[in-house]
Amino acid sequence: MNAVANNQKDSTPSLNALFRELDAERRRTWAPEALAINVNQRATLRRDHGASPHVQIGDTLEPATLRNAAGESVSLDSLTEKGPAVIVLFRFATCPACNIALPYYRDTLWPSLQAAGVALAAVSPQPFPALNDIATAHALPFPVLSDPQLAFGRALGVTYQFDDASRAAAEAKGGTPHALNGVDVWELPKPAVLIISPDRKVLFADVSPDWMERTETSAILKALGLTPTEISHAA
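What follows is the structure in structure tokens.
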């Protein structure tokens, strides 16, 4: 690899450093009441994360069916038919943190996975066509899939329901849970990264109760025994 590529890697901030920048910007610019709702919901999720079981390394997952933008079924088994697959669970298309995480993975994770023949898919409960927005906005080269009625996320034990203040704030902006996740409950997945083998065994699992803290690319590549390759998109 040439010196330019090495310098590009060295200058790439961590994903969580970008989230800290976002958090700092919000603390400077958001109304105190709106900031408190966001901070308190995340703090509750961190506090209660261990209270209920969620997916763990070594688990064998049940068959699951997701949907692509064309409305076609995409089975978990089809994602792993050529080997292990990386599954990134995210919240919804207009989630600011998700709009940092997915292009970050595009630039820092996808090139190495593509070179190694490892599949990558991003999964949200949000229905199409709204879910298309994040894929097109960032020209994502990997599939973005919908998890109908949160069935996959619920089976993994990684979903949470909005607290009263978060629900009221979302409704005040004209939001509905059905537009967000296809059901009539204010519920979303906690961000998570899984590596799944062809027999649906979980080889790696990292669930982030706070959506402003997510799995770094280096941890995913290490779990796969891979090293970074050149970044193929402008940061």
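In my numbering, the protein residues as written are 49 to 283. Don't be surprised by glycine CBs; every beta carbon is placed ideally from N, CA and C. What you are looking at is a predicted structure, and each value in this text was computed from that prediction instead of being measured.
Handout entry: Proximity below 8 Å, CB of Gln174 to CB of Ala141
Key = yes
Practice task
Return the chain-ordered list of same chain residues with a C-beta closer than 7 Å to the C-beta of Asp195, the five sequence neighbours on each side being excluded.
Solution key: Leu114, Val171, Ser172, Pro173 and Gly201
Practice task
May I ask you to list the residues that DSSP assigns as paired with Lys249?
Solution key: Thr108
Exercise for the section: Could you spell out the range, first to last residue, of the alpha helix (DSSP H) harbouring Ser22? Expected result: The chain is shown from 49 up to 283; residue 22 falls before or after that span and cannot be answered.
Handout entry: the stretch 145-159 in contact with the stretch 122-129 per 3-pair CB rule at 8 Å
Key = no
Handout entry: Thr275 (DSSP reduced to helix, strand or coil)
Key = coil
Practice task
Return the residue from the list Gly222, Pro61, Lys270 and Thr207 that minimises the CA-CA distance to His97.
Solution key: Thr207
Exercise for the section: Starting from Leu193, follow its DSSP beta bridges and name the residues at the other end. Expected result: Val171
Handout entry: Expected contact under 8 Å - CB spacing of Asp258 and Arg94 to nearest Å
Key = 5 Å
Handout entry: Neighbourhood of Arg248 by C-beta distance below 8 Å, restricted to the same chain and skipping five residues each side
Key = Thr108, Leu109, Glu110, Pro111, Leu124, Asp125 and Thr128
Exercise for the section: Mind checking who Val136 pairs with in its DSSP beta bridge? Expected result: Ala170 and Val241
Handout entry: Cβ shell of Ser100 (< 8 Å), same chain only, five flanking positions each side left out
Key = Gly205
Practice task
Leaving out five residues on either side along the sequence, give the residues of the same chain with a beta carbon under 8 Å from the beta carbon of Ala203.
Solution key: Leu109, Glu110 and Ala112
Practice task
On the DSSP bridge assignment, give the partners of Glu235 in chain order.
Solution key: Gln209
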